[in-house]
Amino acid sequence: MLRPACSLLVLLGCFVASRGNLSHDESQPTTSDETVVAGGTVMLKCLVEDPDDSSLQWSNPAQQTLYFGEKRALRDNRIQLERSTPNELTISISNVVLSDEGEYTCSIFTMPVRTAKALVTVLGIPQKPQISGYEMPIREEEMARLTCRSSGSKPAAKLRWKKGIKDLKDEGTDVMEDSNGKTFTVTSRVEFHVTKEDNDMEVTCTVDHESLQNTERSVTQKLQVYYKPTAKIEPNPQYPREGEKLRLQCEGQGNPVPQEFLWEKEGSDTPLQMNSESVLVFPFLNKSDSGTYVCTATSSMGSVIAKYNLDVNDASPVPSSPGTYHAVIGGVVAVIVFLLLILLIFLGHYLIRHKGTYLTHEAKGSDDAPDADTAIINAEGGQASSDDKKEYFI
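Numbering-wise (our numbering), the sequence shown opens with residue 1 and increments by one.
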């Protein structure tokens, strides 16, 4: 007597057993692990060399069949058939979410059933970071303490800091699991002393994560630093003259900018001017205005003093400058050259006159002289000799 009929699988097993114990490597399906960013699309490909007239099947981590050959088994429009042949079954899952992560199974129903696993890893994209801890301008030399936070990353992201173009070393990083149990929130802190050079400086916190690929996700905080004021006095005109109008501008700089200006003259007990005006005006300069003037510029960060020495004793002071100096030198050289020319003219005239006398004397004595020297001697005493040679006849 025969026992009742076996189940379908048992019959298939009996059938396979009747054909011998087959263990062809060609019947083993192959798959590959995939990594996808949340919101993206993942492709699952299953290949087999010898399907042995059997169909391929994909199932999800919950062991729900997605596709059996060309037949859709799960009603999920995100899952689409890409290719179905006896040797290949490829499907795609779009708009991937974190819950899609897990091991997917490709099966081929030979005897025994052969399977291959494909691990799908879903990356959680970190949210744009946020900087906290900066609420108001920081005073010079105080400590700045900033915190950067980003959530939603999987695996946990890394945060890095920069001040301007220089890297900042963080004081510590904390990683906490989000309420969904899959993603993480990362927090990083930095501390540094600020200087006035940090005013308007940008501090940047950047998230590094494999899901961002070649893109960058960062946030920037511009610093406002309060620092002590500075001041200087600028005259207009730069070189004042007696009788002219003079404006003294007290230029105050700082953060915040000075808003109060006190003008005083050294030696005087009474302030000249005390208000928000940074300009002191002299309508008509005279010698009594000479002296040292003091401007005190004040802001919420303190006061600073600038001084200016005014001297109007010279009614028409001419400031020396490279151009003026060169002009004076050129004038002196021109005068010297002119005087040398005059001297040469007079010297030449003098020599010419003496040479004429010499020639004339030589001519006077040349009649009875055997040489030039004798001619000159004769010329100088010629008159006497002439008288001596006169003969008188009686």
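Don't be surprised by glycine CBs; every beta carbon is placed ideally from N, CA and C.
ask   = So is H209 buried or exposed if we call it buried at 16+ other beta carbons inside 10 Å?
value = Reading the sequence shown from its first residue, position 209 is the one you call residue 209. A residue is called buried once 16 or more other Cβ atoms fall within 10 Å of its Cβ, and H209 is buried on that count.
message = Quick check: what's the CA-CA separation for P137 versus Q224?
response = If you number the sequence shown from 1, residue 137 lands on position 137. If you number the sequence shown from 1, residue 224 lands on position 224. Cα to Cα, P137 sits roughly 5 Å from Q224.
ask   = Comparing alpha-carbon positions, which option in G124, D269, P229, V42 lies nearest S153?
value = One-based indexing of the sequence shown puts residue 153 at position 153. Checked all of G124, D269, P229, V42; the closest Cα to S153 is G124.
task = Run the CB neighbour count on I91, radius 10 Å, all protein chains shown included, and call it buried at 16 or more, exposed below.
result = Your numbering for residue 91 matches position 91 in the sequence shown. By the 10 Å Cβ count, I91 comes out buried.
request  = In angstroms with no decimal places, state the Cα-to-Cα distance between E82 and S54.
outcome  = For the purposes of this step, residue 82 is taken as residue 82 along the sequence shown, with counting starting at 1. For the purposes of this step, residue 54 is taken as residue 54 along the sequence shown, with counting starting at 1. Computed Cα separation, rounded: 19 Å.
request  = Scan the stretch 79-142 and note each continuous beta strand (DSSP E) run of 3 residues or more that stays entirely inside, going in chain order.
outcome  = 79-85, 88-93, 102-108, 114-123, 130-132
ask   = Is it the case that the Cβ atoms of T31 and K45 are separated by a distance below 8 Å?
value = As a working mapping, residue 31 is identified with position 31 in the sequence shown. As a working mapping, residue 45 is identified with position 45 in the sequence shown. Going by C-beta atoms, T31 is nearer than 8 Å to K45.
query = Can you tell me the Cα-Cα spacing of T360 and F338, whole angstroms?
reply = The residue labelled residue 360 in the question sits at position 360 within the sequence shown. The residue labelled residue 338 in the question sits at position 338 within the sequence shown. Annotation note: pLDDT 48 at T360 (below 50); position unreliable, coordinate value reported separately. Cα-Cα distance, rounded: 34 Å.
message = Using 8 Å as the threshold, is the C-beta distance between A156 and F184 below it?
response = To locate residue 156, count along the sequence shown from 1; it is residue 156. To locate residue 184, count along the sequence shown from 1; it is residue 184. Yes; because the gap between Cβ atoms is below 8 Å, this pair is in contact.
query = Skipping 5 residues on each side, what residues in its chain have a beta carbon closer than 6 Å to that of M274?
reply = Taking the sequence shown and counting its residues from 1, one reaches residue 274 at position 274. For M274, where only same-chain residues beyond five positions count, the Cβ hits under 6 Å are L262.
request  = Evaluate the contact criterion for the stretch 159-167 versus the stretch 105-115: three or more CB pairs, one atom per stretch, below 8 Å.
outcome  = When Cβ pairs closer than 8 Å are counted between the two stretches, the stretch 159-167 is seen not to touch the stretch 105-115, the count staying below three.
ask   = Anyone know if the C-beta pair for Y293 and K265 falls short of 8 Å?
value = As a first step, residue 293 must be located in the sequence shown, where it is residue number 293. As a first step, residue 265 must be located in the sequence shown, where it is residue number 265. In this structure, K265 lies closer than 8 Å to Y293 by Cβ.
inquiry  = Rounded to whole angstroms, what is the Cα-Cα separation between S278 and M301?
reply    = Numbered from its first residue, the sequence shown carries residue 278 at position 278. Numbered from its first residue, the sequence shown carries residue 301 at position 301. So the two alpha carbons sit approximately 18 Å from each other.
request  = Would you mind giving the Cβ-Cβ distance between P129 and C148, rounded to the nearest angstrom? I have them listed as a contact below 8 Å.
outcome  = Against the sequence shown, residue 129 aligns to sequence position 129. Against the sequence shown, residue 148 aligns to sequence position 148. With 8 Å as the limit, P129 and C148 qualify as a contact, their Cβ atoms being about 5 Å apart.
query = What does N275 pair with, by DSSP beta-bridge criteria?
reply = As a position in the sequence shown, residue 275 is number 275, starting the count at 1. Its beta-bridge partners are F261.
inquiry  = Please classify S179 as buried or exposed, where buried requires at least 16 neighbouring CB atoms within 10 angstroms.
reply    = Translated into the one-based positions of the sequence shown, residue 179 becomes position 179. The residue is exposed, with fewer than 16 neighbouring Cβ atoms inside 10 Å.
key: Rounded straight-line distance, which links the Cα of T41 to that of Q63   = On the sequence shown, residue 63 is found 63 positions in, with the first residue counted as 1. On the sequence shown, residue 41 is found 41 positions in, with the first residue counted as 1. When the Cα atoms are used, Q63 and T41 turn out to be separated by approximately 20 Å.
query = Can you give the Cα-Cα distance for Y67 and S151, rounded to whole angstroms?
reply = For this step, residue 67 is matched to residue 67 along the sequence shown. For this step, residue 151 is matched to residue 151 along the sequence shown. Roughly 35 Å separates the two Cα atoms.
query = What residue from P86, Q57, S188, E70 has the CA that sits closest to S132's CA?
reply = Looking up residue 132 in the sequence shown gives position 132. Considering only alpha carbons, the answer is S188.
key: Three-state secondary structure assigned by DSSP to E266   = As a position in the sequence shown, residue 266 is number 266, starting the count at 1. E266: coil per DSSP, three-state reduction.
message = Quick check: what's the CA-CA separation for A38 versus L98?
response = Along the sequence shown, read from residue 1 onward, the residue named residue 38 stands at position 38. Along the sequence shown, read from residue 1 onward, the residue named residue 98 stands at position 98. Cα to Cα, the separation comes out at about 6 Å.
query = When you compare each of R139, D33, N286 to G102 by their alpha carbons, which one comes out closest?
reply = To locate residue 102, count along the sequence shown from 1; it is residue 102. Among R139, D33, N286, the Cα nearest to that of G102 belongs to D33.
message = In whole angstroms, give me the CA-to-CA distance for Q253 and S211.
response = By one-based count along the sequence shown, residue 253 stands at place 253. By one-based count along the sequence shown, residue 211 stands at place 211. So the alpha carbons of these two residues sit roughly 47 Å apart.
inquiry  = Taking only three categories from DSSP, how would you classify F192?
reply    = One-based indexing of the sequence shown puts residue 192 at position 192. Note: F192 maps to strand in three-state DSSP.
request  = Check the DSSP bridge columns for D50 and list the partner residues they point to.
outcome  = In the sequence shown, the residue the question calls residue 50 occupies position 50. D50 is not bridged to any residue.
key: Check whether S84 and E70 have beta carbons under 8 Å apart   = Position 84 of the sequence shown, counted from the start, is the residue given in the question as residue 84. Position 70 of the sequence shown, counted from the start, is the residue given in the question as residue 70. Going by C-beta atoms, S84 is nearer than 8 Å to E70.
task = Throw me the rounded Cβ distance for the V186 and V175 pair, which I believe falls under 8 Å.
result = For the purposes of this step, residue 186 is taken as residue 186 along the sequence shown, with counting starting at 1. For the purposes of this step, residue 175 is taken as residue 175 along the sequence shown, with counting starting at 1. Between V175 and V186 the Cβ distance is about 5 Å, and since that is below 8 Å, they are a contact.
task = Out of R75, V96, I108, state which residue places its alpha-carbon closest to the alpha-carbon of E88.
result = Within the sequence shown, numbered from 1, the residue matching residue 88 stands at position 88. Nearest option by C-alpha distance: I108.
message = Can you look up V333 in the DSSP assignment and give me helix, strand or coil?
response = Your numbering for residue 333 matches position 333 in the sequence shown. In the structure shown, V333 sits in a helix (DSSP, three-state: H, G or I).
task = Using alpha carbons as the reference points, say which of P283, F346, I345, P235 lies closest to G243.
result = Along the sequence shown, one-based indexing puts residue 243 at 243. G243 has its Cα closest to that of P283, out of P283, F346, I345, P235.
task = Report all residues from its chain with a CB closer than 7 Å to the CB of P61; omit the five preceding and five following residues, and keep chain order.
result = Residue mapping note: residue 61 aligns to position 61 of the sequence shown, counting from 1. Same-chain partners within the cutoff: G102, E103, Y104.
query = Going by DSSP, what residues sit across from T215 in a beta bridge?
reply = Working through the sequence shown from its first residue, we reach residue 215 at position 215. DSSP lists no partner for T215.
key: Which of helix, strand or coil DSSP assigns to L280   = Along the sequence shown, one-based indexing puts residue 280 at 280. In the structure shown, L280 sits in a strand (DSSP, three-state: E or B).
key: Residue range of the beta strand (DSSP E) that includes A231   = Taking the first residue of the sequence shown as 1, we reach residue 231 at position 231. Counted as a single uninterrupted DSSP element, the beta strand (DSSP E) harbouring A231 occupies residues 225-236.
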